[in-house]
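As they're listed, the protein sequences go chains A and B. Every number in this note's numbering is 168 more than the matching position in the first sequence, counting from 1. Every number in this note's numbering is 168 more than the matching position in the second sequence, counting from 1.
Number of protein chains: 2
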Amino acid sequence: MAADTAAGIAPDTSDFVPSAPSTAERLASVALDLFVRRGYDEVTTAEIAEAAGVSQRTFFRHFPTKLDVLFHGTEEASAAFVEVLYGRDPELPVGRALVDAIIEHDRAFPLRPDDVSRVLVVRTTPSLSDAIAAYEVRFEGELSRWIAQRWRRPEDDFDVRVLAAALVAARRVVVEEWSSSGGAVDIGELARRAIELVSVPGAETSGRGGASVG
Amino acid sequence: MAADTAAGIAPDTSDFVPSAPSTAERLASVALDLFVRRGYDEVTTAEIAEAAGVSQRTFFRHFPTKLDVLFHGTEEASAAFVEVLYGRDPELPVGRALVDAIIEHDRAFPLRPDDVSRVLVVRTTPSLSDAIAAYEVRFEGELSRWIAQRWRRPEDDFDVRVLAAALVAARRVVVEEWSSSGGAVDIGELARRAIELVSVPGAETSGRGGASVG
DNA sequence: ACGATTGCGTCAGTCGATGACACCTGTCAA
DNA sequence: TTGACAGGTGTCATCGACTGACGCAATCGT
Numbered sequence: 169m170a171a172d173t174a175a176g177i178a179p180d181t182s183d184f185v186p187s188a189p190s191t192a193e194r195l196a197s198v199a200l201d202l203f204v205r206r207g208y209d210e211v212t213t214a215e216i217a218e219a220a221g222v223s224q225r226t227f228f229r230h231f232p233t234k235l236d237v238l239f240h241g242t243e244e245a246s247a248a249f250v251e252v253l254y255g256r257d258p259e260l261p262v263g264r265a266l267v268d269a270i271i272e273h274d275r276a277f278p279l280r281p282d283d284v285s286r287v288l289v290v291r292t293t294p295s296l297s298d299a300i301a302a303y304e305v306r307f308e309g310e311l312s313r314w315i316a317q318r319w320r321r322p323e324d325d326f327d328v329r330v331l332a333a334a335l336v337a338a339r340r341v342v343v344e345e346w347s348s349s350g351g352a353v354d355i356g357e358l359a360r361r362a363i364e365l366v367s368v369p370g371a372e373t374s375g376r377g378g379a380s381v382g
Numbered sequence: 169m170a171a172d173t174a175a176g177i178a179p180d181t182s183d184f185v186p187s188a189p190s191t192a193e194r195l196a197s198v199a200l201d202l203f204v205r206r207g208y209d210e211v212t213t214a215e216i217a218e219a220a221g222v223s224q225r226t227f228f229r230h231f232p233t234k235l236d237v238l239f240h241g242t243e244e245a246s247a248a249f250v251e252v253l254y255g256r257d258p259e260l261p262v263g264r265a266l267v268d269a270i271i272e273h274d275r276a277f278p279l280r281p282d283d284v285s286r287v288l289v290v291r292t293t294p295s296l297s298d299a300i301a302a303y304e305v306r307f308e309g310e311l312s313r314w315i316a317q318r319w320r321r322p323e324d325d326f327d328v329r330v331l332a333a334a335l336v337a338a339r340r341v342v343v344e345e346w347s348s349s350g351g352a353v354d355i356g357e358l359a360r361r362a363i364e365l366v367s368v369p370g371a372e373t374s375g376r377g378g379a380s381v382g
């Protein structure tokens, strides 16, 4: 029966119709809509599946967990951010480069309506703020790799891990503050301020000055 | 339930028998043992309940979630740490006071066998590291209050939240590093090093110097 | 002694998540 | 054309965390 909506369009070799959302797309879209209207916890995966016209089993074939359907579509932005990060001038201090990356990424990936909805859902669901924290921690590894490369130190170096953890945490607060304003405030300004608080500007350069890292 | 250990002493005029573990105590003890032996994910709440001689329903009457049974007994230490924190000299810079608190708390609450087991369980259960992150975030609020008081700023001040988040994250790495060594390394040294990396020493005092925070 | 509280058992049910099996459809090679 | 194969799906059954409702028994306060 799902073939009616999806496969029915496939043989259509004429002009491509952008309105041929995949099952995953439909699930994510419908889910976000339901989450916004009734709250994350009040919506069951079975409901989402039904609203998308598929079985619950199919839901879980596309999204390993309920949380993943909420974050569908954010992976590209995350990956892009990492890329921007590695694109920064290796001579810049870590903090400065991170601020630059946040600003540039904001330009390349401005807030979309779906992002705003997502933030709304997260902010109105206490149990989700925990999940967010867990999500963020995964980014720590990524940032550790980046810092380790710049400092020419191993990834699991204590200093590297500490700074990565601190920066990820600071960035989380920045994004929180920013997204709770709906993207109105200048994220670059927030980032600059936050990172000045957390890392000594100029103390660590690409080669690591070692000034304050005793 | 707490009556057995604390208030239970009042009516108990005879000798107090320490070998009268409450149901919660028994559940937690049995659970930790099972977790260590077979892994957190391989042990069901029903098993824990059975091993403790109660029904599964009773398990959930004592512990809202499976995670809570693992962390049973850590609340006191956490509360004590907060107390130590507020006991620091208000004139000390935030970073320095935090390091002091970590050291003093370590002296007052050295690692117990159960703590070591807990760390082992957490470290061998990937899905739990996420949960840990979530747990840690709750501490952020506490630290925000503390910093806000020292800086005489509101709790939800941006700078306060950033520093709190960064410090909690740094502390998490410190505790990770320390507990993965079984408590062998000097946690004070780790803490000092980590916090020097994250906050400018001497830059912010009780009144906030504002030197590098502008 | 009596009503209230507390602790627990039992039963049934919800919800997230997974495994097993079968079906249908499109593709590609023989 | 035929047949093997893969991808996406439905159905059924089940697990495991967790909750609500009801009832029983020991204990506690007055």
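Backbone N, C-alpha and C define an ideal beta-carbon position, used for all residues, glycine too.
Residue burial classification, residue i (beta-carbon count within 10 angstroms, cutoff 16)
i, result
"A/Pro294", "exposed"
"A/Arg229", "exposed"
"B/Ile363", "buried"
"B/Gly370", "In this prediction, B/Gly370 scores a pLDDT of 42, lower than 50, which makes its location untrustworthy; the coordinate-derived value is nonetheless stated afterwards. Exposed, because fewer than 16 other Cβ atoms sit within 10 Å of the Cβ of B/Gly370."
"B/Glu372", "Residue placement at B/Glu372 is flagged as unreliable, the pLDDT there being 49, under the threshold of 50; a coordinate-derived value is accordingly withheld."
"A/Glu251", "exposed"
"A/Pro261", "buried"
"A/Ser348", "exposed"
"B/Arg225", "exposed"
"B/Asp268", "buried"
"A/Glu344", "buried"
"B/Met169", "Unreliable placement is indicated for B/Met169, whose pLDDT of 34 sits below 50; no coordinate value is reported for it."
"A/Thr181", "For A/Thr181, the pLDDT reaches just 36, beneath the cut-off of 50, and the residue's location in the model is therefore unreliable, although a value from the coordinates is still provided. Per the 10 Å Cβ criterion, exposed."
"A/Trp314", "buried"
Beta-carbon proximity of residue i to residue j, cut-off 8 angstroms
i, j, result
"A/Leu335", "A/Leu279", "no"
"A/Leu200", "A/Arg286", "yes"
"B/Leu238", "B/Phe203", "yes"
"A/Val328", "A/Arg321", "yes"
"B/Ala332", "B/Leu311", "yes"
"A/Asp298", "B/Val305", "yes"
"B/Ala301", "A/Ala302", "yes"
"B/Phe138", "B/Thr213", "Because residue 138 of chain B is not part of the residues shown, which for chain B are 169 to 382, the question remains open."
"B/His273", "B/Ala248", "yes"
"A/Gly255", "A/Ser367", "no"
Candidates the options: closest to residue i by CA position
i, options, result
"A/Glu244", "A/Ala316, A/Ala214 and A/Phe277", "A/Phe277"
"B/Glu342", "B/Glu210, B/Arg361 and B/Val250", "Per the sequence shown, residue 342 of chain B should be read as Val rather than Glu. Residue B/Arg361 is the option with its Cα nearest to B/Val342."
"B/Val222", "B/Glu345, B/Pro281, B/Arg194 and B/Ser367", "B/Arg194"
"A/Ala219", "A/Pro258, A/Ala332, A/Glu344 and A/Ala196", "A/Ala196"
"A/Tyr208", "A/Asp327, A/Arg291 and A/Glu304", "A/Arg291"
"A/Asp257", "A/Ala214, A/Gln317, A/Glu345 and A/Ile355", "A/Gln317"
"A/Gly356", "A/His240, A/Ile271, A/Val289 and A/Ala299", "A/Ile271"
"A/Gly241", "A/Arg275, A/Ser190, A/Tyr254 and A/Arg264", "A/Ser190"
"A/Phe307", "A/Glu210, A/Arg264, A/Leu253 and A/Pro281", "A/Leu253"
"B/Trp346", "A/Val330, A/Gly350 and A/Asp354", "A/Val330"
"B/Val461", "B/Arg275, B/Arg205 and B/Gly351", "Outside the shown range of chain B (169 to 382) lies residue 461 of chain B, about which nothing can therefore be said."
"B/Thr233", "B/Arg205, B/Trp314, B/Arg206 and B/Ala192", "B/Ala192"
"A/Trp165", "A/Pro281, A/Glu259, A/Asp354 and A/Arg275", "Absent from the structure is residue 165 of chain A, since the part of chain A shown begins at 169 and ends at 382."
"B/Glu210", "B/Gly309, B/Ile315 and B/Leu296", "B/Leu296"
"B/Leu358", "A/Asp354, A/Leu358 and A/Asp325", "A/Asp325"
Check: residue i C-beta below 7 angstroms from any heavy atom of the ligand GDP
i, result
"B/Pro189", "Of the ligands one can find in the structure shown there are none, so the ligand GDP has no counterpart to examine."
Members of the region 304-315 of chain A that neighbour chain B once the beta carbon cut-off is set at 9 angstroms: Glu304, Val305, Arg306 and Glu308
For the region 278-303 of chain A, which residues have a beta carbon sitting closer than 9 angstroms to at least one beta carbon of chain B? Ser297, Asp298, Ala299, Ile300, Ala301, Ala302 and Tyr303
Residues, ordered as in the chain, of the region 353-364 of chain A that lie near chain B by beta-carbon distance below 8 angstroms: Against chain B - using a Cβ distance shorter than 8 angstroms - the residues of the region 353-364 of chain A are Leu358, Arg361, Ala362 and Glu364.
By the 8 angstroms beta-carbon criterion, what residues does the region 225-242 of chain B contribute toward chain A? none
Scan the region 321-336 of chain B for residues whose Cβ lies nearer than 9 angstroms to a Cβ of chain A and list them as they occur along the chain. Phe326, Asp327, Arg329, Val330, Leu331, Ala332, Ala333, Ala334, Leu335 and Val336
Of all the residues that make up the region 192-212 of chain A, which are near chain B by a beta-carbon distance shorter than 8 angstroms? Cβ contacts with chain B: none found.
Against chain B: residues of the region 238-269 of chain A by CB proximity under 9 angstroms: none
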